[in-house]
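Numbering (the numbering used here), first residue to last: 5 to 223.
By construction, the Cβ of each residue, glycine as well, lies at the ideal position given by its N, Cα and C atoms.
Bear in mind that the values here come from a model prediction, so they are computed numbers and not experimental data.
A quick write-up on the structure given underneath.
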C-alpha cells in the first residue's frame with residue numbers, strides 16, 4: 005500500500021511539474037510578439053537634458069527627434085579624433101555618416117571636409133562639435149539652417165592648451181521630408197531593426213533620415 009501511495013504521489017508530482025513548465029512556456033512565448041518601442045535618454049550640459057527617466061516617442065515628438073538627428077549628422081560630419089582608423093570607418097557602409105547621407109552629400113563631405121580631417125589627424129588634433137541656436141528652414145527654401153561651433157585642440161597631451169573656436173552654418177536638404185511622416189511607423193521589417201541594433205549599429209540610423217545635399221558656410 006505504501007509503495008502504491010508513493011508511486012501515485014510521485015506521478016502526481018511529475019504531472020504538476022510538467023504542467024507548470026507548460027504554463028510558464030505559454031506565458032513567456034514571445035516568438036511572434038516582437039516590437040521595437042524607441043525610448044530616448046541623452047546627456048547634455050543643459051540640466052533640462054540630463055539623464056532621467058527615458059522618454060517615449062510620444063513624449064519626444066517629430067520636431068525634437070528631427071533636431072537630434074540633425075545634430076547627430078553635423079557631429080558625424082565635423083568631429084575629429086586622432087585616429088586614422090576612425091576616419092576610415094566613417095567611409096564604410098555601416099557608418100552613421102554613410103547611412104544618413106545621400107551620394108551627393110557624402111561626395112561633398114569627401115571632397116570638402118575629409119581632407120581637412122585627415123590633415124588634423126596627422127597633426128594629432130582633436131575636434132568637438134556643438135550645434136547652437138534654433139534649427140529651422142527659412143521661408144521659400146529647401147534647406148534647413150544649422151549653426152555650429154567647432155573646438156579644436158592642436159597640441160596632443162597638452163592640458164594647458166586653449167581650444168581654437170570657429171563657427172559656421174550648414175544648410176541641409178532633407179529631400180521631400182517623407183521621413184517625418186514615417187518616424188514611429190513600421191517602415192521596414194522589425195527583424196531588420198532588431199538585427200541592426202544587435203550588431204551594434206548606431207541607433208540613430210534606424211530612423212528614416214537622409215541628407216540629400218549639404219552647403220557649408222564658414223565664418
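Residue 99 carries a coil assignment under DSSP once its states are collapsed to helix, strand and coil. When DSSP states are grouped into helix, strand and coil, residue 161 belongs to the coil group. For residue 65, there is no enclosing beta strand (DSSP E); the enclosing alpha helix (DSSP H) covers residues 61–82.
Note that the C-beta distance between residue 152 and residue 85 is not below 7 Å. Looking at the DSSP output, residue 177 sits in a beta bridge with 147, 217.
In the three-state reduction of the DSSP assignment, residue 135 falls in the strand class.
Judged by DSSP secondary structure, residue 200 falls within the alpha helix (DSSP H) whose first and last residues are 194–202. Residues 101, 113, 117 of the same chain have their beta carbon placed closer than 7 Å to that of residue 81, with the five preceding and five following residues left out of the count. The beta-carbon distance between residue 154 and residue 133, rounded to whole angstroms, is 6 Å. This is short enough to meet the 8 Å contact definition.
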